[in-house]
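Undergrad: Here the sequence shown stands for residues 310 to 610, numbered as in full-length UniProt numbering. Heads up, the beta-carbon is just placed ideally off N, CA and C, and yes, glycines get one too. All values derive from a computational prediction rather than experimental measurement.
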Amino acid sequence: MIQLYIPLNFLGVVYREIKQSLTDLDRMFGLLDREREVADAPDATELVVREGVVRFEDVHFGYDPARPILKGVSFEIPAGRTVAVVGPSGAGKSTLARLLFRFYDVQGGRITIDGQDLKRVTQASLRRQIGIVPQDTVLFNDTIEYNIAYGRPGATREEVEAAARAAHIHDFIASTPQGYDTMVGERGLKLSGGEKQRVAIARTLLKNPPILIFDEATSALDSANERAIQAELACAARNKTALVIAHRLSTVVDAHEILVLEDGRIVERGRHHDLLARGGRYARMWAMQQSASSEEKAVGG
Ligand code: ATP
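1) Could you give the residue range of the beta strand (DSSP E) that holds S383?
2) Just curious, the beta strand (DSSP E) that A551 is in, first and last residue?
3) How many angstroms separate the CA atom of L500 from the CA atom of I575?
4) Helix, strand or coil: which one does DSSP assign to L521?
5) In the DSSP output, which residue or residues are listed as bridge partners for R419?
6) Can you check which of these residues, G502, G497, D426, R407, is closest to I478 by C-alpha distance?
7) Per the DSSP calculation, E454 is bridged to which residue(s)?
8) What do you reckon, is the C-beta of G503 under 7 Å from a heavy atom of ligand 1?
9) So, at 8 Å on beta carbons, what are the nonlocal neighbours of P374 in its own chain, with the 5 sequence-adjacent residues on each side left out?
10) Between the region 439-446 and the region 387-400, can you find at least three pairs of beta-carbon atoms closer than 8 Å?
11) Give the straight-line distance between the Cα atoms of residue 615 and I554, rounded to the nearest whole angstrom.
12) What does the alpha-carbon distance come out to for the pair Q598 and L558?
13) Beta carbon of F410, beta carbon of I522: below 8 Å?
14) On the three-pair Cβ rule with 8 Å, is the region 446-455 touching the region 483-502?
15) Shortest alpha-carbon distance to G361 belongs to which of S403, G424, P486?
16) Residues in its own chain within less than 6 Å of E385 by CB, not counting five upstream and five downstream?
17) Hey, out of E571, I439, A406, D352, whose CA is closest to A545's CA?
18) Is the beta carbon of A400 within less than 7 Å of some heavy atom of ligand 1?
19) G460: buried (16+ other C-beta within 10 angstroms of its C-beta) or exposed?
20) Specify the secondary structure class of A406 as computed by DSSP and reduced to three states.
21) Let me confirm a value: E577 is counted as buried when at least 16 other C-beta atoms fall within 10 Å, else exposed. Which label applies?
Here you go:
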């Protein structure tokens with residue numbers, strides 16, 4: 310029996326290793342594909358962020374050029390302010406975030422940071438200046454410390470811990486068997502969507518970039534978790550230029566400007582109270598979410 314067990318066990322290990330490498334390769338090719346989507350211009354310069362003003366100027370884009378997704382989007386995020394984007398599923402909200410991070414190039418119009426066209430700067434210098442908290446954070450199969458320190462390689466344990474405290478994930482980490490040395494990811498401790506997003510916030514706080522993109526998770530969080538993530542987000546966004554893709558309107562109440570995106574166009578824009586007073590699409594969306602959350606409360610309690 311043991312004679313059979315050892316080779317089978319060995320095969321199992323080999324299988325798992327191969328499967329893992331394939332997953333890594335998959336990811337790598339995914340990344341390479343993305344890199345191929347955009348290329349540095351031969352005379353690309355380093356992005357220099359002085360104030361952090363972000364501008365979208367008449368931006369047109371489609372993943373498939375035959376199917377336009379963004380149809381002439383213009384807005385500005387003044388230095389240190391937050392602009393929030395809301396709208397129905399598929400309107401193109403997350404696409405705005407991907408274009409600002411330059412996963413893809415715009416097909417018409419331009420995006421600038423402090424007047425520099427994203428197409429004319431190096432991708433490495435752009436990504437150094439932007440922190441992104443995506444909807445679905447991918448954790449590396451490594452320790453929780455590594456996953457947070459990834460925001461700023463070389464960060465000390467104290468710095469990692471300070472970022473984790475600010476992102477309200479420290480107590481959770483401290484409660485795991487090996488604390489910051491606990492392995493996470495597919496082969497380690499599995500974290501909930503909210504916990505992963507906090508790790509991403511800690512990463513971003515550690516990186517401390519002048520520009521921030523926050524793509525709020527679509528998956529429903531309970532309201533206590535939601536409020537906590539929003540508070541952490543507000544802390545991360547303080548004094549930074551931030552683009553927030555919001556799926557819950559409660560996130561956007563304090564934004565400098567709210568853009569309502571529908572079918573690739575901005576159909577309404579303004580501050581929360583002005584949009585409510587206007588009684589248009591935003592006001593209707595707000596009323597719908599309010600009644601949905603009061604129904605939830607009624608069902609819940
Ligand atoms: P949600 O609120 O559901 O997250 P969204 O407004 O953020 O939606 P986007 O993710 O920007 O929407 O997607 C806009 C459109 O582009 C959708 O129709 C989507 O199917 C399409 N799309 C998104 N990513 C890709 C891709 N990689 N390749 C092709 N089409 C895509």
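TA: Judging by the given coordinates:
1) Residue numbering aside, residue 383 sits at position 74 when the sequence shown is read from its first letter. Taken as a continuous stretch (DSSP letters only), the beta strand (DSSP E) holding S383 covers 379-386.
2) Taking the first residue of the sequence shown as 1, we reach residue 551 at position 242. Unbroken beta strand (DSSP E) run through A551: 550-554.
3) As a working note, residue 500 is residue 191 in the sequence shown. As a working note, residue 575 is residue 266 in the sequence shown. For L500 and I575, the distance between alpha carbons rounds to 36 Å.
4) Here the question's residue 521 lines up with position 212 in the sequence shown. Of the three classes helix, strand and coil, the one that applies to L521 here is strand, per DSSP.
5) Translated into positions along the sequence shown, residue 419 becomes position 110. DSSP output for R419 lists E366 as bridge partner(s).
6) Stepping through the sequence shown from its first residue, residue 478 is reached at position 169. The candidate whose alpha carbon is nearest that of I478 is G502.
7) The residue given as residue 454 occupies position 145 in the sequence shown. According to DSSP, which records beta bridges pairwise, E454 is partnered with nothing at all.
8) Residue mapping note: residue 503 aligns to position 194 of the sequence shown, counting from 1. Result no, Cβ not under 7 Å from ligand 1.
9) Here residue 374 is taken as the residue at index 65 of the sequence shown, counted from 1. Within the same chain, P374 has close Cβ partners Q416.
10) no
11) Because the chain here runs from 310 to 610, residue 615 falls outside it and cannot be looked at.
12) Locating residue 598 in the sequence shown gives position 289, where the first residue counts as 1. Locating residue 558 in the sequence shown gives position 249, where the first residue counts as 1. Cα to Cα, the separation comes out at about 8 Å.
13) By 1-based counting over the sequence shown, the position of residue 410 is 101. By 1-based counting over the sequence shown, the position of residue 522 is 213. Going by C-beta atoms, F410 is nearer than 8 Å to I522.
14) yes
15) Here residue 361 refers to the residue found at position 52 of the sequence shown. Of the listed residues, the one whose Cα sits closest to G361 is G424.
16) One-based indexing of the sequence shown puts residue 385 at position 76. Excluding positions up to five away in sequence, the list reads R364.
17) By 1-based counting over the sequence shown, the position of residue 545 is 236. Closest by alpha carbon: I439.
18) Here residue 400 corresponds to residue number 91 of the sequence shown, with the count starting at 1. Because some heavy atom of ligand 1 lies under 7 Å away, the Cβ of A400 counts as near it: yes.
19) Here residue 460 corresponds to residue number 151 of the sequence shown, with the count starting at 1. The residue is buried, with at least 16 neighbouring Cβ atoms inside 10 Å.
20) Against the sequence shown, residue 406 aligns to sequence position 97. A406 falls in the helix class under three-state DSSP.
21) As a working mapping, residue 577 is identified with position 268 in the sequence shown. E577 should be labelled buried.
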